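Below is one structure, written out as structure tokens, with a few remarks after it.
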Amino acid sequence: MYKTTMLTKDLVAASSRPLVLSILAEGESYGYEIIKRVRELSGGRIEWSDGMLYPVLHRLEREGLVESEWKEAATGRERKYYILKADGRKALKTERQQWLTVHNSLNKLWKIKPVST
Amino acid sequence: MENQTGFNLNAAIENWREELAAQSNLTAEMRRELETHVNDTVAELQRRGLNGEESFWLARRRVGQPKELGEEFGKADPAKACREGVLWIALAFFIMFLWQNLADGLWDILIPQNSEAIWMWQIAHSLNFLPVAWIAVSIARGRSIKKFAAWRSLIRSRGRFLVVACFSYLAIKAFALAVLLTRLSPPHEAQEFMRAFWWPLFSWDSLDSLAWPGALIAIIFWLLPAAQSPTLKRT
Chain A
44 MYKTTMLTKD LVAASSRPLV LSILAEGESY GYEIIKRVRE LSGGRIEWSD GMLYPVLHRL
104 EREGLVESEW KEAATGRERK YYILKADGRK ALKTERQQWL TVHNSLNKLW KIKPVST
Chain B
33 MENQTGFNLN AAIENWREEL AAQSNLTAEM RRELETHVND TVAELQRRGL NGEESFWLAR
93 RRVGQPKELG EEFGKADPAK ACREGVLWIA LAFFIMFLWQ NLADGLWDIL IPQNSEAIWM
153 WQIAHSLNFL PVAWIAVSIA RGRSIKKFAA WRSLIRSRGR FLVVACFSYL AIKAFALAVL
213 LTRLSPPHEA QEFMRAFWWP LFSWDSLDSL AWPGALIAII FWLLPAAQSP TLKRT
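So the protein sequences, as listed, match chains A and B. According to our numbering, the stretch in the first sequence is residues 44 to 160, in order. According to our numbering, the stretch in the second sequence is residues 33 to 267, in order.
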């Protein structure tokens, strides 16, 4: 058994924004599905306290990057879906550049081949 | 959903909802969103073989303490909970206004039109407050959630509210006018009708009958979400 390294609280908070924007860039989604997706993508290493995602989504909505609507699933369950807006795509582009800058800088220091932007 | 240990999933979720409702930073919509999240988590954990009790406690732990949720959500949009408070107060005033107008129309039919009936009017006016008191007591006892849930669909969106509000206002006005018309004695009918119908439009009276509901409708309209699309079926 190997010990999984969990992300620090600060890093979880900082990365929530690009993660949510990127997941919504794939298509509309709702809170539960977004958390599940992040857990899968990170192999369980990014563990969000479920309730903490919603303030992030609400902040993005207030900034006009995403919009939301309630929809009913075939099972009769209602869920609040979030949809990425055009401004959200622009914000994601900026986020992406910034994260890649950090990523590539660290890679240079650690002598790993850089990822192209 | 009950098992051998006597755990009731619905009751547990209901308790949890009440805990959430105690957080002043959480709006009704935020609570609804968190509730759908917990329901989804419970459903999935049960699919994986956990029983109702285990699933609920795990889902509850994952979503976070109601108090922490209140604090975090408040940080994201401090003004939102405040706006919702104002919305409910404005709605309460608007419903009071409609109810008072409707009740006065009803009393107009029941109470004879003579000077000795003044005491009856006084009783009638105090009876107008009974339903208001009943609603206040229900809310104070925490029964609001289910009893008034059906009404919430009337204010889902600005458009729907505007239609419902204007329709109910006009309906009550038409009712009051109809009551008045039935009371008119034939010789003065036209004159009285003109006076009753047109005069208020050009007098200070009209400020009372139009400005108040108008202002309340405007406030509520402004506070409601701009567009909330009707629920769509997904396959």
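Virtual Cβ for every residue (Gly too), placed ideally from N, Cα, C. Note that the coordinates shown come from a computational prediction; the quantities given were computed from them, not determined experimentally.
Using a Cβ cut-off of 9 Å, pull out every chain B residue sitting near residue i, in sequence order please.
i	result
PRO61(A)	By Cβ distance, chain B contributes nothing, its closest Cβ being about 17 Å from PRO61(A), past 9 Å.
Should residue i be flagged as near chain B, meaning a C-beta pair shorter than 8 Å?
i	result
MET44(A)	Because the pLDDT at MET44(A) is just 39, under 50, the model does not fix this residue reliably, and the point stays unresolved.
GLY87(A)	no
GLU121(A)	yes
SER58(A)	no
SER65(A)	no
GLY74(A)	yes
Starting from the Cα of residue i, find the closest Cα among the options and give me that residue.
i	options	result
ARG49(B)	GLY38(B), HIS69(B), TRP120(B)	HIS69(B)
GLU76(A)	MET62(B), SER56(B), GLU76(B), GLN55(B)	GLU76(B)
GLU71(A)	ARG132(A), ILE126(A), VAL63(A)	ILE126(A)
ALA156(B)	LEU142(B), ASN146(B), ILE167(B)	LEU142(B)
SER85(A)	ALA129(A), LEU149(A), ILE66(A), ARG122(A)	ILE66(A)
VAL211(B)	ASP72(B), ASN71(B), ASN133(B)	ASN133(B)
PRO163(B)	TRP151(B), PHE129(B), SER189(B), ASN57(B)	PHE129(B)
PHE193(B)	ALA111(B), ILE127(B), ASN160(B), GLN78(B)	ILE127(B)
PRO110(B)	PRO98(A), TRP113(A), GLY119(A), ILE78(A)	PRO98(A)
SER112(B)	ALA57(A), LEU96(A), HIS101(A), ALA56(A)	Just to set this straight, residue 112(B) is Lys in the shown sequence, not Ser. Closest option to LYS112(B), Cα to Cα, is HIS101(A).
PRO245(B)	LEU202(B), LEU209(B), LEU256(B), ALA208(B)	LEU202(B)
LEU299(B)	GLY191(B), ASP72(B), GLN154(B), ARG92(B)	Residue 299(B) lies beyond the range of chain B shown here (33 to 267); nothing can be said about it.
LEU209(B)	SER189(B), ASP140(B), TRP131(B)	ASP140(B)
Who are the neighbours of residue i on chain A, taking C-beta pairs under 7 Å?
i	result
GLU148(B)	Here the premise fails: no neighbours, minimum Cβ distance about 56 Å.
LEU138(B)	Chain A residues near LEU138(B): none, gap ~37 Å exceeds 7 Å.
PHE193(B)	Simply none; closest approach about 16 Å.
In chain A, which residues lie with their C-beta within 8 Å of the C-beta of residue i?
i	result
MET62(B)	TYR97, HIS101
LYS99(B)	Ordered by position in chain A, no residue passes the 8 Å Cβ test against LYS99(B), which lies about 11 Å from the chain.
PHE88(B)	Within chain A, no residue comes near PHE88(B); the closest Cβ sits about 14 Å away, beyond 8 Å.
LEU66(B)	GLY94, TYR97
Hey, could you find the ends of the beta strand (DSSP E) residue i is sitting in?
i	result
LEU127(A)	121-127
TRP113(A)	109-115
Using a Cβ-Cβ distance under 8 Å, would residue i count as near chain A?
i	result
VAL95(B)	yes
HIS69(B)	yes
GLU51(B)	no
TRP254(B)	no
THR263(B)	Here THR263(B) scores only 43 on pLDDT, less than 50, and its place in the model is too uncertain to base an answer on.
PHE39(B)	no
THR214(B)	no
ALA116(B)	Correcting the residue identity first, residue 116(B) is Glu in this sequence and not Ala. False, the Cβ-Cβ gap to chain A never drops below 8 Å.
GLU18(B)	Coverage of chain B is limited to positions 33 through 267, which leaves residue 18(B) absent and any answer about it impossible.
LYS205(B)	no
GLU34(B)	Unreliable positioning characterises GLU34(B) in this predicted model, as indicated by a pLDDT of 44, which lies under 50. The coordinate reading is nonetheless provided below. No, because no Cβ of chain A sits closer than 8 Å to the Cβ of GLU34(B).
ILE251(B)	no
Would the beta-carbon of residue i be found less than 7 Å away from any heavy atom of the ligand ATP?
i	result
ARG49(B)	For the ligand ATP, the structure offers nothing, since it holds no ligand at all.
List the endpoints of the continuous alpha helix (DSSP H) containing residue i.
i	result
VAL65(A)	For the record, residue 65(A) in the displayed sequence is Ser; it is not Val. Its alpha helix (DSSP H) spans residues 52-68.
GLN97(B)	Taken as a continuous stretch (DSSP letters only), GLN97(B) belongs to no alpha helix (DSSP H), as it is neither H nor E.
SER158(B)	150-159
GLU6(A)	One cannot answer for residue 6(A) here, as it falls past the ends of chain A, which runs 44 to 160.
LEU142(B)	110-142
LEU61(B)	It is worth fixing the name first, because residue 61(B) is Glu in this sequence and not Leu. Counting along the chain, the alpha helix (DSSP H) containing GLU61(B) begins and ends at 60-79.
GLU104(A)	93-105
LEU248(B)	244-255
GLU46(B)	41-53
Are the CB atoms of residue j and residue i within a distance shorter than 8 Å?
i	j	result
GLY27(B)	PHE39(B)	Residue 27(B) lies beyond the stretch modelled for chain B, which goes from 33 to 267, so this question has no answer here.
PRO98(B)	GLU51(B)	yes
ILE187(B)	GLY137(B)	no
LEU50(A)	ILE89(A)	yes
GLY131(A)	VAL109(A)	yes
ILE121(B)	ALA197(B)	no
ALA53(B)	ARG63(B)	yes
GLU272(B)	GLY94(A)	Because chain B is modelled from 33 through 267, residue 272(B) falls outside the range shown and cannot be assessed.
LEU123(B)	ILE252(B)	yes
SER92(A)	GLY96(B)	yes
ALA134(A)	LEU62(A)	no
ALA116(A)	ARG122(A)	yes
LEU58(B)	LEU119(B)	no
TYR124(A)	GLU106(A)	no
PHE88(B)	LEU159(B)	no
GLU138(A)	ARG60(A)	yes
ARG80(A)	ASN71(B)	no
LEU96(A)	ILE78(A)	yes
Does residue i get closer than 8 Å to chain D when you measure Cβ to Cβ?
i	result
TYR125(A)	Within the model displayed, chain D is absent; protein chains A and B are what it includes.
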